[in-house]
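In what follows, a structure is listed as structure tokens, so that the remarks can point back to it.
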Amino acid sequence: MKPSNTQSNEEPQSLYAERITIHPRIVFGFFTRLKALSGIILLGLYYLIPWLQWDNRQAILFDLPARKFHILGITFWPQDFIFLAFLLIVAGLTLFFFTTLAGRLWCGFACPQTIWTDAFIWMERLVEGDRPKQIKLEKSPLSFRKIRIKAAKHTLWLIFALFTGYTFVGYFTPIRELSEALIIFNLSEAETFWLFFYAFATYGNAGWMREQVCIYMCPYARFQSAMFDHDTMIIAYDEKRGESRGSRKKNNKEYKNKGLGDCIDCTMCVQVCPTGIDIRDGLQYECISCSACVDVCDSIMDKMNYPRGLVRYTTENRLNGKTTHIFRPRIFVYGGILLAIFISIGYSISARILVELDVIRDRNSLFIETDAGLIKNVYSLRIINIDNNPHIYEITASGIEGLQLIKDKEIEVGAGAVMTVPVSLLVNYDNLSKRSTHVKFKLTAMDNPELTVIEEARFLGPLR
Ligand code: SF4
Ligand code: SF4
1170 MKPSNTQSNE
1180 EPQSLYAERI
1190 TIHPRIVFGF
1200 FTRLKALSGI
1210 ILLGLYYLIP
1220 WLQWDNRQAI
1230 LFDLPARKFH
1240 ILGITFWPQD
1250 FIFLAFLLIV
1260 AGLTLFFFTT
1270 LAGRLWCGFA
1280 CPQTIWTDAF
1290 IWMERLVEGD
1300 RPKQIKLEKS
1310 PLSFRKIRIK
1320 AAKHTLWLIF
1330 ALFTGYTFVG
1340 YFTPIRELSE
1350 ALIIFNLSEA
1360 ETFWLFFYAF
1370 ATYGNAGWMR
1380 EQVCIYMCPY
1390 ARFQSAMFDH
1400 DTMIIAYDEK
1410 RGESRGSRKK
1420 NNKEYKNKGL
1430 GDCIDCTMCV
1440 QVCPTGIDIR
1450 DGLQYECISC
1460 SACVDVCDSI
1470 MDKMNYPRGL
1480 VRYTTENRLN
1490 GKTTHIFRPR
1500 IFVYGGILLA
1510 IFISIGYSIS
1520 ARILVELDVI
1530 RDRNSLFIET
1540 DAGLIKNVYS
1550 LRIINIDNNP
1560 HIYEITASGI
1570 EGLQLIKDKE
1580 IEVGAGAVMT
1590 VPVSLLVNYD
1600 NLSKRSTHVK
1610 FKLTAMDNPE
1620 LTVIEEARFL
1630 GPLR
């Protein structure tokens, strides 16, 4: 994969490249429609998801102050953050898997940077018109009309960015409460900060920086070539068919005799490119596989009555007349690891017991001898009800003959609540064979025996 802007060795190289503003030309075609559909669905999901309810609670809520993540009826506690680590591994491996299989499909069709940039470009065209009008406006001297048009565009961008920031905060604060607070200007400092921060990031990245994020900031653009092989799907220009490029009249049937290929050198593939590269220069890391050049070149081929596909989805092997292999060792390796992780995460989540018990010995006294000659140990039981329903629990203890458990109150723990209960264990001195004996506490929800947890502790007595 080569950089697009190669310079000869004789030319002095500047370390600073001034940005050339890119005004991508509008394009219509199959892949552009597919991309628009993907953008609408993904943006729709982003803005709608915080409004969905599940069990009278926001379906997806990352409740940081309470240190709980609610995802579709499942609540993840800090001790479940191992799942988050697995989720990140899965996300990384999925990206590897699909990159090896289908190239930068993620970048072109699903990456948030691409989706939001497309939305901002759409608003820009709505206000300023398509590429020729944008370039004309850019070059025109400052005037009231120019200020009015630019102000309208930035206002639209800012409203959209603020709405995006507000929705982002809605994933961390219940969005209905957030909306009420917003109406009466009563947001907390943290909510205000993150709303404006995210809005600013959206406005800056999708409105101003656009392709620069992909080219200079995104690490994926740099290392994705390591996952490419000759069978990876890429967007490529068919050099053998297209060269020598050159303009000609539409009905010119003699162009091949003049040594011309199918490329009419109209530069439309460059004009539609959101990263401003020329796909005819070969595979470049700046290419985000958005397929705009495929659609526009197909439309040119249609006009010229040439077969479509001069620029197309293909593989290096196919371009060189060789066979493309979909199933390769690395596909099986990535796929196998992904499957194994999915199965283990699924099993771990389904096998989770929705109650936890911590037993803490009273550190003030090792043991107490009662007037009746019994040995007493005091404990604090910390019960965490991870379930989304309240439960009344029964607690029992075993491990020493004649062990008695004394507690003051009924153990009723609310949904997602934590309760600390003091309990005592009493045993006859004669039943103790050693100074320290292992005992087991068993906690069971009275309405659901499956919610049972057993925890070990030590019972201490006098030296024998
Ligand atoms: S759009 Fe097609 S025909 Fe036009 S310059 Fe690009 S590759 Fe050549
Ligand atoms: S070269 Fe084609 S596919 Fe790549 S970014 Fe430009 S328009 Fe999109």
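Residue 1259 in my numbering is what sits at position 90 of the sequence shown, and the numbering runs on without skipping anything. We treat Cβ as the ideally placed atom computed from N, Cα and C, and that holds for glycine.
Residue i and residue j closer than 7 Å at C-beta
i, j, result
"Glu1455", "Ile1384", "yes"
"Leu1629", "Phe1536", "yes"
"Val1622", "Leu1612", "yes"
"Thr1589", "Ser1549", "yes"
"Leu1295", "Gly1334", "no"
"Gly1415", "Asp1434", "yes"
"Phe1255", "Ile1518", "no"
"Gly1277", "Cys1459", "yes"
"Trp1285", "Ala1375", "yes"
"Ala1330", "Ala1368", "yes"
"Asp1224", "Asn1557", "yes"
Coil, strand or helix - residue i by DSSP
i, result
"Glu1358", "helix"
"Met1615", "coil"
"Met1588", "strand"
"Gln1227", "strand"
"Tyr1389", "helix"
"Thr1621", "strand"
"Phe1341", "coil"
"His1560", "strand"
"Ser1177", "Reliability of the predicted coordinates at Ser1177 is poor, the pLDDT of 49 falling under 50, and the value obtained from them is presented with this limitation in mind. Looking at Ser1177 - three-state DSSP - the assignment turns out to be coil, as it is neither helix nor strand."
"His1323", "helix"
"Arg1521", "coil"
"Thr1484", "coil"
"Leu1212", "helix"
"Leu1233", "coil"
Residue i, buried or exposed, once every other Cβ within 10 Å from all chains shown has been counted against 16
i, result
"Gln1222", "exposed"
"Gly1490", "exposed"
"Asp1599", "exposed"
"Phe1250", "exposed"
"Phe1610", "buried"
"Arg1449", "buried"
"Met1615", "exposed"
Euclidean distance between Cα positions of residue i and residue j
i, j, result
"Pro1234", "Cys1442", "44 Å"
"Ser1127", "Glu1563", "Outside the shown range of the chain (1170 to 1633) lies residue 1127, about which nothing can therefore be said."
"Ile1555", "Leu1479", "58 Å"
"Thr1438", "Lys1322", "Here residue 1438 turns out to be Cys, not Thr, going by the sequence shown. The alpha-carbon atoms of Cys1438 and Lys1322 are separated by roughly 26 Å."
"Pro1281", "Ala1205", "13 Å"
"Gln1303", "Gly1505", "49 Å"
"Val1196", "Ala1461", "7 Å"
"Gly1430", "Asp1299", "30 Å"
"Ser1183", "Ser1207", "39 Å"
"Arg1194", "Glu1346", "42 Å"
"Phe1620", "Asp1287", "In the sequence as displayed, the identity of residue 1620 is Leu instead of Phe. Straight-line Cα distance between these residues: approximately 49 Å."
"Glu1187", "Met1396", "31 Å"
"Pro1172", "Phe1313", "Caution is warranted here: a pLDDT of 47 is assigned to Pro1172, below 50, making its placement in the model unreliable, and the coordinate value is therefore given only provisionally. The alpha-carbon atoms of Pro1172 and Phe1313 are separated by roughly 41 Å."
"Ser1567", "His1560", "22 Å"
"Gly1571", "Ala1509", "47 Å"
"Tyr1424", "Tyr1406", "19 Å"
CB contact check: residue i to chain C, cutoff 7 Å
i, result
"Ser1460", "In the structure shown, chain C does not exist; there is a single protein chain."
Is the region 1257-1274 in contact with the region 1522-1531, if contact means three or more CB pairs nearer than 8 Å?
no
Tell me whether the region 1238-1249 and the region 1490-1500 touch, counting them as touching only if at least three CB pairs, one residue from each stretch, are closer than 8 Å.
no
Pairs of beta-carbons, one from the region 1419-1432 and one from the region 1462-1478, closer than 8 Å: are there three or more?
yes
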